[in-house]
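Using our numbering, read the sequence shown as starting at 13 and increasing by one per residue. From the three backbone atoms N, C-alpha and C, an ideal C-beta is built for every residue, glycine too. Before any comments, here is the structure.
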Amino acid sequence: MIALALVPPPLVIATFGHVLEPLSRCWYFFCSMLVGAAPFLTGGALGAAVAQSGACRSATRPSWIAIVMGCVLLPVCDCCMNAAASALRAAPRSIAAFALVWGSCCNPVALWCTALVLGWRITVLRVACALVVAAVTASVWTKLPDAPRACSSERMRFTDAFVRGAGGALSSFALAAAVGSVAEVYLPGTTHEATPLFASVAGAILSPCSSADALLARTMFASTHAQLAFIVASQCADLRQLALVWRWFGAAYALTAALSAAAVIAAASHVTIP
């Protein structure tokens, strides 16, 4: 460390400037996305903790109606869906499908963030896409046979649920933000000129928390169709959500949920956005 401190800064800049400059830009984009997402991630973690602690307290009673209402009205993306699994399993399959899709894609914090970052037009389209995906998934699930489903016996207090939810949301968003910042600096043409198909695949793989996925969409993609495809795919067809559906309901349910989301995203990519 002492030897490095003796190296003149102009020499370091002249030697490594071409490497340090893009790295500093990556760090700048990464930190700016984290700071911008912090209020939304915190609000989402608080709402998820309320839903999760309520689901744990009510898991021994036939209270799936209250849990479904919590999934619809509170920010309950896949960060906290494990606690509501038993109640959703007890609900009719069509209602469970609607609660899963709507709670992940259109919870209040997600809509608030989308309206602030991407505008009300994208917010309305997000709601419309979620409604169609939820309706299609619900109608298909009613025709599928019952399958063995995993049980969730996890119990959590509010503080534990908040810490776990905030940590999970931050880690998933940080990973997605890191990938987005690297793409922004080193592959700007790839992301800014990306098609809705590329954006939807990126959303499904990165799987950011719904509380702040609009920030990533705004940073990574210039096209409104790509932004819409990213935020819908990151909640309706993301790998984490599909893995949980597979665990709770079975492979057929996860596959139909993914196909329903893919069909709606493909149709939405041809809609004219004013």
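Other residues of its chain near residue i: CB distance less than 8 Å, five sequence neighbours each side excluded
| i | result |
| --- | --- |
| Ala275 | Val148 |
| Leu53 | Ala178, Ala181, Leu182, Phe185, Cys221, Ser223 and Ala224 |
| Val139 | Cys118 and Leu123 |
| Pro74 | Residue confidence for Pro74 is low, a pLDDT of 44 falling below 50, so the modelled location carries little weight and cannot support an answer. |
| Ala50 | none |
Same chain, Cβ closer than 6 Å to residue i, neighbours up to 5 away in sequence not counted
| i | result |
| --- | --- |
| Pro208 | His237, Ala238, Ala241 and Ser281 |
| Pro34 | Val197 |
| Thr72 | Note that Thr72 scores 46 on pLDDT, short of 50, meaning its location in the model is unreliable and no value can be drawn from it. |
| Ala270 | Ala249 and Leu254 |
| Leu187 | none |
| Ser165 | Residue placement at Ser165 is poorly supported in this model, since its pLDDT is 46, which falls under 50; the coordinates are not used for a value here. |
| Ala206 | Phe233 and Ala238 |
| Leu137 | Leu240 |
Cut-off 7 Å between Cβ atoms - residues of its own chain near residue i, not counting five sequence neighbours on either side
| i | result |
| --- | --- |
| Cys38 | Ser193, Val194 and Val197 |
| Ala226 | Cys125, Thr126, Val129, Leu130 and Ile243 |
| Ala245 | Ser212, Gly215, Ala216, Ala273 and Ile277 |
| Val11 | No information on residue 11 is available, as it lies outside the stretch 13 to 286 that the chain covers here. |
| Phe42 | Ala189, Ala190 and Ser193 |
| Ala266 | Leu254, Val257 and Trp258 |
Exposure label - residue i; buried when at least 16 CB within 10 Å
| i | result |
| --- | --- |
| Val144 | buried |
| Ala150 | buried |
| Val257 | buried |
| Met45 | buried |
| Ile189 | With the sequence shown as reference, residue 189 is identified as Ala, and Ile is not the correct amino acid for it. With 16 or more Cβ atoms within 10 Å of its Cβ, Ala189 is classed as buried. |
| Ser169 | Note that residue 169 is Arg in the sequence shown here, rather than Ser. Its Cβ having fewer than 16 others within 10 Å, Arg169 is exposed. |
| Leu32 | exposed |
| Trp153 | buried |
| Ala109 | buried |
| Leu199 | exposed |
| Ser36 | exposed |
| Val1 | No answer is possible for residue 1: the residues shown for the chain start at 13 and end at 286. |
| Ala111 | buried |
| Tyr40 | exposed |
| Thr231 | buried |
| Thr171 | exposed |
| Arg133 | exposed |
| Ala263 | exposed |
| Leu229 | The residue you asked about is not Leu; residue 229 is Ala in the sequence shown. Under this definition Ala229 is a buried residue. |
Distance cut-off 6 Å: residue i Cβ against heavy atoms of the ligand SAM
| i | result |
| --- | --- |
| Ala264 | Only the bare structure without any ligand can be found here, which leaves the ligand SAM out of the picture. |
| field | Residue ranges of each alpha helix (DSSP H) within the stretch 219 to 261, 4 or longer | value | 225 to 232, 236 to 248 and 251 to 261
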